[in-house]
Amino acid sequence: MEYSHKLLVVPDRRRERYANLIPSWVFHGYIRVILDGLTAAMAMIYAYVLRFDFHIEPKMQRSMWTWLCVVVVLRPLSIHLSREGYRSTWRFFDVRDGLFLAFRSLPVTVLLLLVRWQEPKALPIVPYSVLILEFGIFLVFACTLRLTRRLINDAAHTPVDRPRALIVGSETTLATAVHHLHTSNEAHVLGLVSEDVRLAGANIAGRPVLGHPDSLASLLVSHRIEVVVLSGANLRCAAQVIRDASLLDVQVRILPSGSELMDGRVKVNREVSIDQLTQGGTKILNAAHPAVVQCFNARTVLITGAGGSIGSEMARQVAALNVDRLIVLDHDENSIFELMNELGDLNGRKVVPIVGNIRDHDIVHQTFKLYSPQIVLHAAAYKHVPVMEDNCCEAVLNNVAGTRELADAAIEFGCERFVMISTDKAVNPSSIMGATKRTAEMLIQQRAIENTGLQTHFACVRFGNVLGSRGSVVPIFLRQIAAGGPVTITHEEMTRYFMTIPQAVQLVLQAATLASRGDVYLLDMGDPVKIIDFAKEIIQLSGLVPGKDIDIKVVGIRPGEKLHEKLWRDDALVTPTPFREVFQVQAGIVPAGFPQLLAELERAARARKSGAEIQELLYQLPIDYCPEKMEVTPMAIAN
1 MEYSHKLLVV PDRRRERYAN LIPSWVFHGY IRVILDGLTA AMAMIYAYVL
51 RFDFHIEPKM QRSMWTWLCV VVVLRPLSIH LSREGYRSTW RFFDVRDGLF
101 LAFRSLPVTV LLLLVRWQEP KALPIVPYSV LILEFGIFLV FACTLRLTRR
151 LINDAAHTPV DRPRALIVGS ETTLATAVHH LHTSNEAHVL GLVSEDVRLA
201 GANIAGRPVL GHPDSLASLL VSHRIEVVVL SGANLRCAAQ VIRDASLLDV
251 QVRILPSGSE LMDGRVKVNR EVSIDQLTQG GTKILNAAHP AVVQCFNART
301 VLITGAGGSI GSEMARQVAA LNVDRLIVLD HDENSIFELM NELGDLNGRK
351 VVPIVGNIRD HDIVHQTFKL YSPQIVLHAA AYKHVPVMED NCCEAVLNNV
401 AGTRELADAA IEFGCERFVM ISTDKAVNPS SIMGATKRTA EMLIQQRAIE
451 NTGLQTHFAC VRFGNVLGSR GSVVPIFLRQ IAAGGPVTIT HEEMTRYFMT
501 IPQAVQLVLQ AATLASRGDV YLLDMGDPVK IIDFAKEIIQ LSGLVPGKDI
551 DIKVVGIRPG EKLHEKLWRD DALVTPTPFR EVFQVQAGIV PAGFPQLLAE
601 LERAARARKS GAEIQELLYQ LPIDYCPEKM EVTPMAIAN
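In UniProt numbering, the protein residues as written are 1 to 639.
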């Protein structure tokens, strides 16, 4: 089943044909004033004709033309001077608009009757009945004109090639949903499904109520439904609808509640965005800070892992900084291809795609030799904690040996700045991934200390959980919600720091301007967030109720995971930087035996030693590696 929050709009060839029956300009602006004036004139003529039985004497004809001129001016004027006037569109003319038209036209008739009564000599004589008839005829003609415009608009929205849809919801939301889907040309609504069994067989907004959600599966089959639309923010039956639709490969769409649509407080598409999830959270940094612009101006920049979610965003932001050349390196050919299509020629400046692995000495050496990058942004890494627990050697070779290859090449070829992306899991690591990233941090610090006074300046940046990146919790939770639940978390008390991809990238760019001795830089990410609260928020933003529509289930902590992450050690020295939201964790002392232990770790990884042997070597490194073993009994969270 395809699940999406967006409603497809399918082009309709009939729409243009019907819309052109009467040009659109006829129904806009002063043309509508003229049409109402002509309508008033016709109404007065018909009133005289009916009053005098189709035989108007010459004296009455002079009276008719005089009073005709009066109503031609007063009728449109009374409508124009009202609160809504001619600003309301005729395409959606309804009973309310008809009543409005009557109330705005009645004062004119009352005024004319008063003039006829109080000042009979002011204007040519006219029977009272003519003025009353004129009022009724004008209303009929004016409403007919407006209904004609609505019928033309409705004809333009005939259900040609539009997906066949059922709307599921409550009585208060169904009518608004039908109206929206019809006028927006997004779907052809064949019927409604109401949570209230008493509405079965009724009609709402011209559409039949076909039944209750319990009978949805049979309705989907019998009516050949292509799209099910959930209308309203709190649908108790949403999970059941999604399950039934998934079995029949029917798409599911979500609309906000009727009140939200009527008030215009939300978009029609209920899409959970990263901005919604970070409201009130970490602040967006300024990538165009003068120091950043100056640092990258006219430089050759190498980005590793450029095909990933963070690396590709880094490439986009760097491309906007007037660099001389941008080198994008990744082992995934498809990701590089897509990135190249997006970046183009960088306004005439060169973008160099390199498909290769940072562990390959020849590729790394050749890249530095050919292009002499002045700034290296190292994002390539294996980052998924549970996967790396079962692939210890690969984690070491990629996260440690690959970083060493790049750092050594940067020193050899005189690179100015080298920034490595790390993670909060590197602090007191309990996982193979975190341990290898902490080892890479110490490697960068060791190279920075060894080469003090040389051209290359090193830095590391630590990320929290990056929302929207590959493998992050947001797409996982959304897929689970789409399947009807449950949303799975590993522990009720687990917390994490969160940041967005743009925030993460801007932190890297600003850290590049500060790089010196291998210090670690991090963003002020506020307080950590409980994963269970985060899951509830995503469910609510999807228009559902946690514990009611979608269950939350605790499945137990996975290998290598911790309940809580830290951004720095308790004994670390943390200082502010020129960038208000960025902090510096000063590099510690790297023990003298670290290079030998590092070389032994790499040899073991290349020899494909067992996971236990790799873990033992990581224990020997001064990185405080200590995996946590915790057992949690799976349970369901009610709310």
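Think of the CB as a built atom: it goes at the ideal place given N, C-alpha and C, for glycine as much as any other residue. Remember, it's a predicted structure, so these values are computed and weren't measured experimentally.
Whose C-beta lies closer than 8 Å to the C-beta of residue i among residues of the same chain, with five residues either side of it excluded?
i    : result
G201 : P208 and V209
I45  : M64 and L68
Q540 : P546
Q455 : G414, C415 and E416
V221 : L248
L166 : V189, L190, G191, L192, V193, L210, L216, L219, L220, H223, I225, V227, V228 and V229
Mapping DSSP to helix, strand and coil, what is residue i?
i           : result
R517        : strand
S231        : strand
L326        : strand
H378        : strand
G414        : coil
L567        : coil
L133        : helix
V26         : Its pLDDT being 44, under 50, V26 is placed unreliably in this model, and the coordinates cannot settle the point.
G191        : strand
A165        : strand
V545        : coil
Q455        : coil
I358        : coil
F534        : helix
I539        : helix
L617        : helix
residue 646 : Past the boundaries of the shown model lies residue 646; the chain is included only from 1 to 639, so the question cannot be answered.
I79         : helix
Do residue i and residue j have their CB atoms nearer than 8 Å?
i    : j    : result
F419 : A511 : Looking at the sequence shown, residue 419 is not Phe but Val. Taking 8 Å as the Cβ cut-off, V419 and A511 qualify as a contacting pair.
L509 : V585 : no
D97  : R162 : no
L230 : G307 : no
M494 : I432 : no
C460 : V520 : yes
R164 : R224 : yes
C446 : P622 : Strictly speaking, residue 446 in this sequence is Gln, with Cys absent from that position. No.
T367 : L339 : no
T176 : L123 : no
V529 : R558 : no
Can you grab the Cα-Cα spacing for the pair residue i / residue j, in whole Å?
i    : j    : result
M499 : S472 : 11 Å
M314 : I303 : 8 Å
Q620 : T490 : 30 Å
R603 : E394 : 12 Å
E492 : V228 : 34 Å
S129 : I34  : 26 Å
I327 : L617 : 35 Å
F103 : V71  : 16 Å
I637 : V555 : With a pLDDT of 42 at I637, under the threshold of 50, the predicted position of this residue should be treated as unreliable, though the coordinate-derived value follows. The straight-line gap from Cα to Cα measures roughly 11 Å.
P578 : F534 : 32 Å
E537 : G191 : 32 Å
K609 : T423 : 25 Å
D408 : V355 : 20 Å
How is the alpha helix (DSSP H) around residue i delimited, first residue to last?
i           : result
C392        : C392 to V396
G464        : No alpha helix (DSSP H) holds G464; DSSP gives it neither H nor E.
F477        : V473 to A482
residue 641 : In this structure the chain extends from 1 to 639, so residue 641 is not present and cannot be described.
K437        : I432 to E450
M340        : E333 to L343
T109        : V95 to Q118
P386        : V385 to E389
For residue i, which residues in the same chain have their Cβ closer than 6 Å to its Cβ, ignoring the five residues on either side in sequence?
i    : result
R417 : I375, H457, A512 and A515
G311 : I303, G305 and A379
A572 : V585
K350 : R325
L112 : L131
Got a sec, what are the start and stop residues for the beta strand (DSSP E) residue i sits in?
i    : result
Q584 : V582 to V585
K609 : K609 -> no beta strand (DSSP E), and no H or E assigned at all.
V364 : Segment H361 to Y371 is the alpha helix (DSSP H) holding V364; no beta strand (DSSP E) there.
K425 : Counting along the chain, K425 falls outside any beta strand (DSSP E), and DSSP gives it neither H nor E.
T300 : T300 to T304
L210 : R207 to G211
P578 : From DSSP, P578 is part of no beta strand (DSSP E); its letter is neither H nor E.
Please go through the same chain and pick out, in chain order, the residues whose beta-carbon is closer than 7 Å to the beta-carbon of residue i, but skip the five residues on each side of it.
i    : result
L406 : T304, I358, V364, V376 and H378
L81  : none
S105 : R75, S78, F135, F138 and L139
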